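A.B. asks: Sequence positions in the sequence shown follow the working numbering and run 7 to 200. Quick reminder that beta carbons are idealized off the backbone N, C-alpha and C, glycines included. Keep in mind the model is a prediction, meaning the values are calculated, not measured. Quick one: structure below, then a few questions.
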Amino acid sequence: MKEYHIPFSSEPGKSAPAVLDIFRWEDNGYQPETEARLSCDGERLYLLMTCREKNPLARFTADGSPVCRDSCMEFFFAPDGDCRYCNIEINANGCCLTGIGASRYDRVCADFLFSHPVGEVHGGFWCVKAVISMEKLKKLYGTESIGFFTGNFYKCGDETEFPHYGMWSEAVSDTPDFHRPECFGRLIPDRPIR
Numbered sequence: 007m008k009e010y011h012i013p014f015s016s017e018p019g020k021s022a023p024a025v026l027d028i029f030r031w032e033d034n035g036y037q038p039e040t041e042a043r044l045s046c047d048g049e050r051l052y053l054l055m056t057c058r059e060k061n062p063l064a065r066f067t068a069d070g071s072p073v074c075r076d077s078c079m080e081f082f083f084a085p086d087g088d089c090r091y092c093n094i095e096i097n098a099n100g101c102c103l104t105g106i107g108a109s110r111y112d113r114v115c116a117d118f119l120f121s122h123p124v125g126e127v128h129g130g131f132w133c134v135k136a137v138i139s140m141e142k143l144k145k146l147y148g149t150e151s152i153g154f155f156t157g158n159f160y161k162c163g164d165e166t167e168f169p170h171y172g173m174w175s176e177a178v179s180d181t182p183d184f185h186r187p188e189c190f191g192r193l194i195p196d197r198p199i200r
């Protein structure tokens, strides 16, 4: 199982990157360099993802839209290995789709966990940022502390010029499917979250 260590900080940009270097399901050679970074100050979990893509497809502007059809970066996670996992999927407009559930088929909106995500396009790359409330997450999962997370980082673009599916920890299936919690890696905070 892959591991990523989450530093105690409010600055994810200073964290070591989790490199999304596994691409599956398409053989068109398109594999944009993508990385994710997390940090946690005990009250909030900070997410920063960057991708070297010059012109990311960003058609959707309303939250709840199927942003995975655009150029999209995604973070799936569950505290302490709970079977219910959260996901946040964000395009370059900062438009997001969130959910919580035990599979792809029983998702319930989880917007309340996240501050409104930000998408920024710069020359030659784009990034997304989101902040997750630990108080709300602990309440949702009925726990007073979190020792670790299981999770994965993804990059996709279902309807882009070159469809692609990148990931940090390999999701094993015959067809594109990121809803594979059994394939999540382990995300370990430097300090337990209380």
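1) If you measure between the beta carbons of L26 and A136, is that distance less than 8 Å?
2) Distance check for E9 and L193, CA to CA, integer angstroms please.
3) If you count every other CB in all the chains shown that lies within 10 Å of the CB of S245, and 16 or more means buried, which is it?
4) What's the call for P195, buried or exposed, on a 16-neighbour Cβ count within 10 Å?
5) State the DSSP-derived secondary structure class of G70, mapped to helix, strand or coil.
6) Is the segment 82-99 close to the segment 132-152, with three or more CB pairs under 8 Å?
7) Let me confirm a value: T56 is counted as buried when at least 16 other C-beta atoms fall within 10 Å, else exposed. Which label applies?
8) In this structure, how does DSSP classify K20 when only helix, strand and coil are distinguished?
9) Taking all protein chains shown into account, decide if F14 is buried (16 or more other Cβ within 10 angstroms of its Cβ) or exposed.
10) Looking only at C-alpha atoms, which of F159, D164, D86 and R186 sits nearest to I28?
11) Who are the near neighbours of W204 in its chain, counting only those whose CB is closer than 6 Å to its CB and skipping five residues on each side?
12) Quick one: what's got a C-beta closer than 8 Å to K144's C-beta in the same chain, skipping five residues either side?
13) Taking 6 Å as the limit between beta carbons, can you name the residues of its chain near V124, skipping five residues before and five after?
C.D. replies: Well, looking at it:
1) No; because the gap between Cβ atoms is not below 8 Å, this pair is not in contact.
2) So the two alpha carbons sit approximately 6 Å from each other.
3) Residue 245 cannot be examined here, being either before or after the span of the chain that is shown, 7 to 200.
4) The C-beta of P195 has 16 or more other C-beta atoms within 10 Å across all chains shown, which makes the residue buried.
5) In the structure shown, G70 falls within a coil segment according to DSSP collapsed to helix, strand and coil.
6) Judged by Cβ distances under 8 Å, the segment 82-99 makes contact with the segment 132-152, as three or more pairs qualify.
7) With 16 or more other Cβ atoms within 10 Å, it is buried.
8) Reduced to three states, the DSSP call for K20 is helix.
9) By the neighbour-count criterion, in which a residue is buried when 16 or more other Cβ atoms sit within 10 angstroms of its Cβ, F14 is exposed.
10) Looking at the Cα atoms, F159 is the closest of the given residues.
11) Any answer about residue 204 is impossible in this case: the structure gives the chain only from 7 up to 200.
12) So the qualifying residues of the chain are P85, E150, S151, I152 and I199.
13) These residues qualify, in order along the chain: G100 and K135.
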